[in-house]
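What follows is one structure encoded as structure tokens, with my remarks underneath.
In the working numbering, the protein residues as written are 3 to 174.
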């Protein structure tokens, strides 16, 4: 949870300061820059380390795995500043989803350590935009199945370390 706490302290401050220097219509540049810089930060941190050290160096630090938060800020900016972009057009919604999935897979296979969080952020961001742009989202969100899935996914988020310990390893 410390990642979220750091996010809630740093991002409003950065957005406030950024809005003093950059017009609100161009504030999207901050999370885009953040998303581009994060893989470089990870690359500089992990070069010359052993695989055992990589997890501690990347996963536990806000400045090395906050790609998803940057994508969330980009989506929030689009929905507030450019709501016309959230309107689904014939074919464009599927194209955006397929393009996002392709980019996520490419990044993941390009360099798994450096782009792990970036690929996940692009994957979940693409799915989120796809769902936000569909007309069936309101009925989906209000369904009982969505309620159950949301509770289970949040519980998994909080407890995944304990669950992972009980999953058998596939490699020796």
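Idealized CB from N, CA, C, for every residue including glycine.
The model shown is predicted, which means the values in this text are computed figures rather than measured ones.
With three or more C-beta pairs closer than 8 Å as the rule, is the stretch 93 to 103 touching the stretch 56 to 63? The stretch 56 to 63 vs the stretch 93 to 103: no contact.
Given this structure, state the Cα-to-Cα distance separating residue 31 from residue 125, to the nearest angstrom. Cα-Cα distance, rounded: 20 Å.
Since residue 90 contacts residue 28 with CB under 8 Å, what's their CB separation in whole angstroms? For a cut-off of 8 Å, the C-beta gap from residue 90 to residue 28 is around 26 Å, too long to register as a contact.
Where residue 108 and residue 62 are concerned, what is the direct C-alpha to C-alpha distance, given to the nearest angstrom? For the pair residue 108 and residue 62, the Cα-to-Cα distance works out to about 25 Å.
Taking just the CA atoms, how far does residue 146 sit from residue 35? For residue 35 and residue 146, the distance between alpha carbons rounds to 38 Å.
Could you give the C-beta distance for residue 154 and residue 128, rounded to a whole number, given that I count them as a contact under 8 Å? So it is not a contact: roughly 22 Å between Cβ atoms.
For residue 13 and residue 74, what's the separation of their Cα atoms in angstroms? Computed Cα separation, rounded: 12 Å.
Start and end of the alpha helix (DSSP H) containing residue 24? Note, residue 24: premise wrong, no alpha helix (DSSP H); not H, not E.
Measuring alpha carbon to alpha carbon, tell me which of 133, 130, 113, 141 ends up nearest residue 42. Out of 133, 130, 113, 141, 113 has the C-alpha closest to the C-alpha of residue 42.
N- and C-terminal bounds of the alpha helix (DSSP H) containing residue 58: Here the alpha helix (DSSP H) through residue 58 covers 53 to 61.
What's the C-alpha gap between residue 48 and residue 141? Rounded to the nearest angstrom, the two C-alpha atoms are 44 Å apart.
Beta-carbon separation (whole angstroms), residue 78 vs residue 37, contact threshold 8 Å: Actually they are not in contact, since the Cβ atoms of residue 78 and residue 37 sit about 14 Å apart, beyond 8 Å.
Taking 6 Å as the limit between beta carbons, can you name the residues of its chain near residue 5, skipping five residues before and five after? Shown here for residue 5: same chain residues with a beta carbon closer than 6 Å to its own, the five before and five after excluded, namely 64 in chain order.
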